[in-house]
């Protein structure tokens with residue numbers, strides 16, 4: 001081959017070479033799932049800290065047990081049934097449910113799939129765990145551990161997978177209504193919120209939470225630093241939650257998309273947080289920390305249905321409205337005497353619906369009608385089934401601690417172990 | 001094409017192919033910003049835990065509120081004005097300030113830029129938040145929330161961006177003096193330290209912190225585990241802080257550089273920490289945990305101006321001197337009756353200056369004169385403006401809680417919510 | 001070159017291009033070490049939180065000091081001697097010890113090495129720190145700080161490196177017995193466990209831990225949320241611990257392997273955790289949180305020797321047996337009146353041995369005989385040397401606090417600083 005022909009070949013090579021090699025794309029995609037999956041997994045710790053800091057000190061060990069237990073259960077159940085119930089029918093679109101089978105790796109045609117199948121399982125599994133984490137917060141301080149774990153099995157093995165299959169498993173919602181829910185404002189967060197609301201109705205409020213005239217009585221959480229740490233961990237985890245939901249990293253466009261998702265996710269959290277601060281300052285003079293924390297979470301949930309399409313000020317606005325919702329829905333629930341220990345229903349349900357309904361504002365592929373169908377279908381299914389399960393459990397094994405147990409706290413009654421044992425320290429004079 | 005010509009072409013291909021394809025380089029660079037940006041973002045939680053653990057239990061909710069609020073504020077302000085005030089004039093070197101404009105993504109020429117613009121914004125934004133985090137620690141337990149947030153807006157929207165533009169925005173300090181500050185010993189940490197010092201002077205010390213004869217009174221932090229957790233999170237985050245400041249990952253050299261930065265960053269933290277342990281053991285017999293934690297932070301700040309050029313023992317030495325500075329400057333500040341709740345001034349200001357001045361020891365591109373100009377210019381500007389702002393706030397809306405409020409604690413006076421509600425548990429005999 | 005020849009060349013190019021370019025492979029491998037190394041580094045915080053939450057409130061500052069100190073010491077010692085004692089003879093297989101020399105970067109032939117040398121040092125160093133972290137938990141609440149740090153120097157600078165060199169440094173165990181320990185069930189975890197057991201024997205149990213008739217007295221940890229947080233951090237870190245031990249990411253196969261390791265690691269932790277929950281529920285009616293947390297850790301240690309070869313149900317089974325071991329060995333140790341504050345011996349030693357011995361079940365390259373040789377050699381060496389060191393320290397400088405010091409707690413006696421200072425808050429009626 002003559003010199004000039006080599007040069008031509010090199011040019012041709014360079015032209016092709018702009019693009020990452022297929023293996024490289026595969027590795028990037030896999031790495032996205034693994035790294036983002038890790039921070040989403042860490043959200044389980046975030047929920048745990050948020051909830052441990054928000055419950056009274058006598059119910060702290062019990063809530064920690066529920067949180068680590070639910071993550072472990074979700075891991076096992078998503079392997080045994082959950083994953084394939086979501087994705088098992090993805091090759092025959094329009095269905096109502098996936099297949100009932102144990103998940104196993106399939107890396108027989110890696111470059112066609114585009115990522116390692118195990119990395120995808122890991123990423124999807126931690127999403128299911130997130131939905132279960134939402135429920136534990138609302139029902140804290142009064143639900144017994146066994147019925148909670150039984151519900152967790154059903155939520156992660158049936159409720160979540162079925163409704164997720166409608167959209168992410170290429171089911172009827174995706175096929176027929178153009179429903180759009182990028183990272184799960186509805187499919188994950190509203191799901192958790194509806195299940196929590198059903199549980200709160202079945203369970204009733206904590207003893208003493210409302211006076212006879214219906215006035216709420218403040219019950220202070222055990223540790224605001226832990227609640228704040230939990231919120232920071234959730235904020236961090238949400239970069240993985242939304243960013244990883246791009247599902248690919250191995251191209252210019254994908255990496256730019258993930259970056260823009262990071263920016264929007266952060267911005268919605270920031271405006272949700274600041275909105276609550278400003279509202280509190282102006283309307284009350286004092287700034288309630290738990291509501292500020294929930295403002296950030298509300299902003300995050302709000303942007304989760306569509307973190308990619310919005311320009312930055314859209315994201316800022318969407319998050320800010322999320323903050324307003326936290327500020328408005330929290331006292332509304334109290335008026336209805338629904339006892340939600342960590343404010344999960346305002347954050348995950350109200351903001352989840354808001355985030356889903358506002359998708360068409362920035363993403364013209366979605367329609368308000370299609371979004372409404374998705375929100376209603378998800379709500380009817382998850383809330384309906386959850387009510388049935390919760391009341392079924394209530395009238396069989398029972399779901400609530402006795403009043404005596406509630407008074408001494410679930411830590412001693414359910415775990416036999418105090419959550420804190422911090423004694424006053426007497427420091428000798430120097 | 002004959003067989004041998006194909007072989008020749010393949011050889012030519014392989015020769016070119018040693019290097020990563022342009023898209024691949026772009027994705028690596030973007031991924032560096034995103035992953036390292038995430039751990040730097042998490043430093044906000046680290047500062048929050050360090051400060052929550054270091055203040056007395058009655059001021060814990062307030063410090064948590066300040067910390068999550070300042071991160072949210074920084075996010076918004078850096079978007080609206082901060083980013084372009086730093087980088088807006090980077091194409092016309094030698095300036096004093098960037099441009100006043102809202103930041104927006106620009107990915108129109110991706111391969112020329114080399115990374116997704118959103119990923120860069122995210123990485124730079126979390127740096128600004130870090131500077132603001134430093135201030136809250138020094139001023140804890142007595143500053144009111146509103147003036148603190150107002151100062152945060154000014155710090156993140158004006159003070160930090162202007163001085164950062166001098167160097168990282170290709171301004172006069174970069175253009176004329178060869179000033180070198182790799183990841184911000186001066187531009188980030190000393191900036192935070194100077195702003196904190198100005199605030200401490202304007203605010204005065206906590207009631208009861210110094211006896212009439214000037215002797216300091218120890219005020220014990222609420223939770224050493226949280227302070228330690230915060231320090232570990234900062235240590236972790238610093239890998240992102242320094243490693244991400246390489247600003248590129250997509251070549252052999254860049255990835256080797258990031259690795260060496262990890263090694264040096266870790267080593268300086270380790271020697272800073274061990275130096276304080278050894279000094280305490282020898283000189284006092286007891287080892288003060290908060291000072292050991294600050295020793296690690298001091299080592300980290302010290303290596304931040306130049307984490308790449310030093311060989312390992314340079315890094316060890318630089319960090320160790322950082323530890324000595326912590327040990328020496330902390331009591332010095334007490335002598336001056338300057339009340340710095342978490343020791344941020346020794347760690348971020350003293351070690352920030354030390355780290356900046358020692359750059360020429362391992363990096364021959366820098367000069368001691370140029371470094372001094374940068375340190376002085378940064379100090380004069382940040383400390384001067386900060387003093388003006390703090391005293392301006394003091395004589396208008398006021399910056400300090402009343403003595404009554406300080407006595408009951410900022411948690412109840414500013415947030416209406418206790419930071420902890422941990423009741424002694426009586427475990428029944430088995 | 002004619003049109004069709006260019007097309008042929010392009011085809012040839014594409015065929016080659018499936019594979020990532022050598023630089024790309026190098027960067028992926030390096031990035032794996034850095035990212036996974038970061039989360040393993042964070043395990044130091046995880047151990048610290050687990051231990052701080054598990055000790056009584058009067059020993060909390062001391063355990064935090066030990067944990068951050070040991071990480072800093074490990075960093076320095078692994079640099080000065082540890083790394084080359086492990087890997088210094090890797091080019092002459094079959095040896096008993098590496099070389100005595102200070103580690104320094106060597107990136108002279110990057111593509112031959114396949115990763116940045118600094119990234120590898122970082123990843124290996126955090127492994128050594130992990131072994132040291134295990135020891136501090138067992139010996140908490142009674143060991144003095146100075147002898148603990150001296151032992152840490154010897155453990156990280158001699159004991160760990162020598163036995164690790166036998167396998168990972170291509171020594172005799174690797175060369176002659178086909179011993180297989182993927183990420184260190186034996187080399188890291190059992191090593192820490194044996195050293196802890198030797199220390200516990202030399203040190204004796206906490207005052208009052210066992211009644212005169214040998215019955216154990218429960219001593220409640222200061223904070224279950226911190227213990228739970230620590231466990232979550234360890235679970236997170238283990239993805240890096242096992243996943244990073246693939247040592248490469250830059251090929252299809254490697255990235256699939258890392259993904260499968262993530263799945264198995266998570267599954268073993270989940271089944272370990274759930275197994276303890278189920279056993280507790282059935283056998284005791286109450287669920288002991290610390291043991292559940294240890295169940296997760298036991299599952300993780302069990303899968304560490306071979307996280308790649310098992311199919312998912314193997315991993316689930318291996319982790320589940322780990323949970324059983326926690327449930328069985330913990331009371332057994334109490335019967336023997338061996339006082340292990342955090343249950344590190346059941347988790348790291350018992351499960352470490354179990355995980356190592358079961359490797360041949362899923363990996364046919366290993367033999368039960370070879371595994372046994374490794375387990376015995378590791379145990380004899382680490383336990384023997386540790387006993388000598390601990391008793392040597394005991395009879396020279398002493399290792400245990402006086403009974404008075406133990407009563408007031410190590411926080412005040414060793415650090416002069418209380419671990420918590422949380423005062424009851426009186427919230428005024430609204």
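Residue numbers (the UniProt record's numbering), protein chains in the order written: chain Y, 1 to 430; chain G, 1 to 430; chain E, 1 to 430.
Where a beta carbon is used, it is the ideal one built from N, C-alpha and C, also for glycine.
* Which of the three DSSP states, helix, strand or coil, is assigned to residue 395 (chain E)? -> coil
Please report the Cβ distance between residue 300 (chain E) and residue 268 (chain E), rounded to the nearest whole angstrom; I am assuming they are in contact, meaning their Cβ atoms lie under 8 Å.
6 Å
- Rounded C-beta distance between residue 33 (chain E) and residue 120 (chain E)? I'm assuming under 8 Å. 6 Å
Coil, strand or helix - residue 358 (chain G) by DSSP: coil
Review point. With distances taken from CA atoms, which of E:218, E:162 and E:304 is nearest residue 291 (chain E)?
Key: E:218
Grab the span of the alpha helix (DSSP H) containing residue 71 (chain Y) for me, first residue to last. 60-77
**Asked** What residues from chain G crowd round residue 83 (chain E), counting only those whose CB sits closer than 7 Å?
**Response** What residue 83 (chain E) touches in chain G: nothing, since even the nearest Cβ is about 11 Å away.
Between the CA atoms of residue 288 (chain G) and residue 150 (chain E) - distance to the nearest angstrom:
18 Å
**Prompt:** Mapping DSSP to helix, strand and coil, what is residue 115 (chain E)?
**Reply:** coil
Is there a Cβ of chain G sitting closer than 7 Å to that of residue 341 (chain Y), yes or no?
no
Assuming residue 330 (chain E) is part of the alpha helix (DSSP H), what are its boundary residues? 312-335
- Check each residue of the region 43-61 of chain Y: if its Cβ is closer than 8 Å to any Cβ of chain G, include it; give the result in chain order. 56, 57 and 58
Practice item. Could you check if residue 184 (chain E) is buried or exposed, using at least 16 other CB atoms within 10 Å of its CB as the buried criterion? Key: buried
Q) Leaving out the 5 sequence neighbours to the left and right, which residues in its chain are closer than 6 Å to residue 132 (chain G) when beta-carbon positions are compared? A) 70, 74, 152, 155 and 156
query = Are the CB atoms of residue 196 (chain G) and residue 345 (chain G) nearer to each other than 7 Å?
reply = yes
Q. For chain G, is any of its Cβ atoms less than 7 Å away from the one on residue 24 (chain E)?
A. yes
Original post:
Roughly how far, in whole angstroms, is the beta-carbon of residue 18 (chain Y) from the beta-carbon of residue 21 (chain G), given that I think they are within contact range, below 8 Å?
Top reply: 6 Å
request  = Note down, in chain order, every chain E residue with its Cβ under 7 Å from the Cβ of residue 407 (chain G).
outcome  = Neighbours of residue 407 (chain G) on chain E: none; closest Cβ ~12 Å, over 7 Å.
From the DSSP output, read off the bridge partner residues of residue 143 (chain E). E:400
Query raised in the report: What residues of chain G sit near residue 76 (chain E), judged by a beta carbon separation below 8 Å?
Result: 267, 270, 271, 274 and 316
- Item | Cβ shell of residue 358 (chain Y) (< 7 Å), same chain only, five flanking positions each side left out | 318
- Task: Check each candidate in E:202, E:231, E:415 and E:283 and name the one with the smallest Cα separation from residue 445 (chain E).
- Result: The requested residue 445 (chain E) is not part of the displayed model; chain E covers only 1 to 430.
Notebook entry, point to check: What number of angstroms, rounded off, separates the C-alpha of residue 415 (chain G) from the C-alpha of residue 221 (chain Y)?
Noted result: 14 Å
State the Cα-Cα distance for the pair residue 378 (chain G) and residue 174 (chain G), rounded to the nearest angstrom. 13 Å
### Cβ-Cβ separation, residue 216 (chain G) to residue 403 (chain G) (assumed contact under 8 Å), whole Å
The Cβ separation is near 19 Å, so there is no contact.
**Item:** CB contact below 7 Å: residue 30 (chain G) versus chain Y
**Value:** yes
inquiry  = Quick check: the Cα distance between residue 194 (chain G) and residue 188 (chain G), rounded to an integer number of angstroms?
reply    = 10 Å
- Item | Cβ shell of residue 372 (chain E) (< 8 Å), same chain only, five flanking positions each side left out | 357
Note to self: Which residue wins for smallest C-alpha separation from residue 43 (chain G), given the options G:236, G:181, G:277 and G:165?
What the structure shows: G:236
What does a CB cutoff of less than 6 Å around residue 61 (chain E) pick up in its chain, not counting 5 residues either side in sequence?
411, 415, 417 and 419
Shortest alpha-carbon distance to residue 305 (chain G) belongs to which of G:386, G:101, G:265 and G:293?
G:265
### Three-way DSSP call (helix, strand, coil) for residue 180 (chain E) in this model
coil
task: Please state if the CB of residue 409 (chain G) and the CB of residue 67 (chain G) are separated by a distance shorter than 7 Å.
output: no
Worksheet entry | Spatial distance of residue 444 (chain E) from residue 192 (chain E) (CA atoms) | Because chain E in this structure spans residues 1 to 430, residue 444 (chain E) falls outside the shown range and cannot be described.
Ordered along the chain, which non-local residues of its own chain (more than five positions away) have a Cβ less than 6 Å from that of residue 331 (chain G)?
none
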